[in-house]
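A quick write-up on the structure given underneath.
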Amino acid sequence: MRLGMLISGRGSNLQAMIDAAADPAYPAEIAIVISNRADAAGLARAAAAGIPSTVIARDDRSGFAAEAETRLRQHRVELVCLAGFMRLLDTGFVEAWRDRMINIHPSLLPAFPGLHAQRQALEAGVRFTGCTVHFVRPEVDAGPIIAQAVVPVHPDDNEARLAARILAAEHRLYPLAVRLIAEGRTRIVGGKVEIDGWLVEELAALNPREPPPDLLVSTRG
Ligand code: GRF
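For the sequence shown, numbering that gives the first Met the number 0 assigns the number 0 to the initial residue and increments by one for each residue that follows.
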């Protein structure tokens, strides 16, 4: 499956996908990287991997969408992956790529959409947060959830430490979610994603295992 990755900055999720796709058995490849910023560090990662990239530094949403559309078509992209892409997209573009565009967000959606998701988690005092890969809908950080990974919040966490712990989970989750799509195992039914051959072994690598049954028995009286 041919991927188009949209970035705005560091590009560590792009790097995770580059690394995953280096395995000949991985069912997807990055056809083009598009950045809305010329100074995005991720562009150097694309160059180092020999992947074509382009900068579309347009402020108007429809202008950006039109140019992006042309590039994605030129490179025969089948799935658009937003990876730290920090601009709102034109609604027509989002609808045109409906069910063929995904995003990664650093929280367990629908909790903490929008900016500073890690700070929101700390402020809410949750014990666990994580990351989510979802199909994109016009509303910010909304859409059918493909995969999530759980990350504990430590009592002495600050935003940077928590963000780093979540990021490590992102780098495993995003390639996994793309693999599920590329293998044709995902289906959207009633606004939810169903996955064929459900994921026991893949997700167990990311998420806490269910406690053994004897731990679920009440210890009272
Ligand atoms: C990640 O935390 C991602 O979840 C969010 O933006 C950040 C991008 O980081 N959407 P990077 O550019 O992939 O390093």
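Glycine included, each C-beta is placed from N, C-alpha and C at the ideal position.
{"Check": "Proximal residues to L81 (C-beta, below 6 Å), its chain only, five neighbours per side dropped", "Outcome": "L5, N102"}
{"Check": "Proximity test, R9 beta-carbon vs ligand 1 heavy atom, cut-off 8 Å", "Outcome": "yes"}
{"Check": "Span of the beta strand (DSSP E) around H133", "Outcome": "127-134"}
{"Check": "Through-space distance from P105 to A15, alpha-carbon basis", "Outcome": "15 Å"}
{"Check": "Beta strand (DSSP E) runs wholly inside the region 76-163, at least 3 long, in chain order", "Outcome": "78-81, 100-104, 127-134, 144-151"}
{"Check": "Spatially closest choice to H133 from V139, I144, F127, by CA coordinates", "Outcome": "I144"}
{"Check": "Closest by C-alpha distance to T69, when choosing among I33, F84, R97", "Outcome": "I33"}
{"Check": "Contacting residues, own chain, Cβ-Cβ under 8 Å from E77 (five flanking each side not counted)", "Outcome": "M0, R1, L2, R99"}
{"Check": "For A27 and G8, the rounded distance between their alpha carbons", "Outcome": "22 Å"}
{"Check": "Burial state of L13 (16 or more Cβ within 10 Å)", "Outcome": "buried"}
{"Check": "Proximity of V177 and R186 at Cβ, strictly below 9 Å", "Outcome": "no"}
{"Check": "Enclosing beta strand (DSSP E) for G3 [first to last residue]", "Outcome": "1-6"}
{"Check": "Length of the line joining the Cα atoms of E221 and H153", "Outcome": "Outside the displayed range of the chain (0 to 220) lies residue 221, so it cannot be described from this structure."}
{"Check": "Outcome for P174 when other beta-carbon atoms lying within 10 angstroms are tallied against a minimum of 16", "Outcome": "buried"}
{"Check": "Residues that DSSP places opposite R186 in a beta bridge", "Outcome": "E193"}
{"Check": "Close-in-space but distant-in-sequence residues of the same chain around I17 (CB under 6 Å, 5 per side omitted)", "Outcome": "A48"}
{"Check": "Cross-strand partners of E66 (DSSP beta bridge)", "Outcome": "For E66, which the question treats as bridged, DSSP gives no partner whatsoever."}
{"Check": "Option nearest A181 by Cα separation, candidates T53, V79, G124", "Outcome": "V79"}
{"Check": "Where the alpha helix (DSSP H) containing A15 begins and where it ends", "Outcome": "11-20"}
{"Check": "Check: C130 C-beta below 8 Å from any heavy atom of ligand 2", "Outcome": "Absent from the structure shown: ligand 2. Ligands present: ligand 1."}
{"Check": "Cross-strand partners of S34 (DSSP beta bridge)", "Outcome": "I6, V54"}
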